[in-house]
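Numbering (UniProt numbering), first residue to last: 1 to 264.
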């Protein structure tokens, strides 16, 4: 990993010659946390159980590539999207060559958009202005400052599907921009996961409503980086909404998985 980090640092001059110490620290913190084998092993186990050999999957918001690598280890064919320049550059240097990297975000339509970047906490950089404003007053985000702006290319899930085919699974982790990502999808996909934040339940509830417009999904959460679903049975939309509203703001965030019922 040390050679990859060195290559990443050297290549960053392609993006910005004035990066701060905070940017370096934020990047290194993400690598240490998300490439820790203890943290990544449960997710690898989850994907081995969820995915099949040669399944097509989209990783929307790939960050440092932990999930993309876990999906590939499960045998999937991975298309990874990451617009944030420090991380897309890092992924260009370090991802396995059989993972396709697209340096773009996903949204409602193809465009150029402005991303609010937190140099010290780059994991929570976002294209959603409302998310930045709401998160600033949410437990866990008190020390986060969005202190940089980056213009990024935006594509749509429909455009990706037209080019790559229909995926079995789409993982979406885009800091409040999930609804916009799903607005660019016009038909259901078998499995979709989105990040949920206990302090901002209405964001996820709106996503659930959008998913139910696409298909008759059932839901099951995974807390943090754990490798097990929280519930033994997949639940309906209203049950999940009540659960989200019951969470205390300080509780651990996680991913909410949505799955279409098996065809009969």
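In this text, a Cβ means the ideal position worked out from N, Cα and C, and glycines have one as well.
These figures come from a predicted structure and were not determined experimentally.
Asked: Excluding the 5 residues flanking residue 244 on each side, which residues of the same chain have their C-beta closer than 7 Å to its C-beta?; Found: 196, 201, 204 and 205
Asked: Have a look at 61, 74 and 85 and flag the residue whose alpha-carbon is nearest the alpha-carbon of residue 44.; Found: 74
Asked: Does any heavy atom of the ligand COA sit closer than 7 Å to the C-beta of residue 46?; Found: Although the ligand COA was asked about, the structure shown includes no ligands whatsoever.
Asked: If we count the other Cβ atoms within 10 Å of its Cβ and call it buried at 16 or more, is residue 224 buried or exposed?; Found: exposed
Asked: Could you check if residue 189 is buried or exposed, using at least 16 other CB atoms within 10 Å of its CB as the buried criterion?; Found: buried
Asked: Touching or not, the segment 170–183 and the segment 216–232, by the rule of three or more beta carbon pairs under 8 Å?; Found: no
Asked: Per DSSP, what kind of secondary structure is residue 59 in: helix, strand or coil?; Found: strand
Asked: With DSSP collapsed to three states, give me the class of residue 195.; Found: strand
Asked: Please work out which residues of its chain come closer than 8 Å, Cβ to Cβ, to residue 109, disregarding the five sequence neighbours upstream and downstream, and give them in chain order.; Found: 154, 156 and 184
Asked: When you compare only the Cα positions, how much space is there between residue 91 and residue 61?; Found: 12 Å
Asked: Give every residue of the same chain whose Cβ lies closer than 8 Å to the Cβ of residue 54, excluding the five residues on either side of it in the sequence, and list them in chain order.; Found: 75, 76 and 77
Asked: On the CB-based measure, 16 or more other CB atoms within 10 Å of its CB, does residue 165 come out buried or exposed?; Found: exposed
Asked: Specify the secondary structure class of residue 109 as computed by DSSP and reduced to three states.; Found: coil
Asked: From which residue to which residue does the beta strand (DSSP E) around residue 249 run?; Found: Segment: none, residue 249 is in no beta strand (DSSP E) and carries neither H nor E.
Asked: I need the straight-line Cα distance from residue 51 to residue 260, nearest angstrom please.; Found: 14 Å
Asked: Using only the alpha-carbon positions, how far apart do residue 191 and residue 262 sit?; Found: 11 Å
Asked: Are the CB atoms of residue 149 and residue 117 within a distance shorter than 8 Å?; Found: yes
Asked: As a quick exercise: from 81, 71, 238 and 85, pick the residue whose alpha carbon is nearest that of residue 106.; Found: 81
Asked: Which term fits residue 175, buried or exposed, when burial requires 16 or more other beta carbons within 10 angstroms of its beta carbon?; Found: buried
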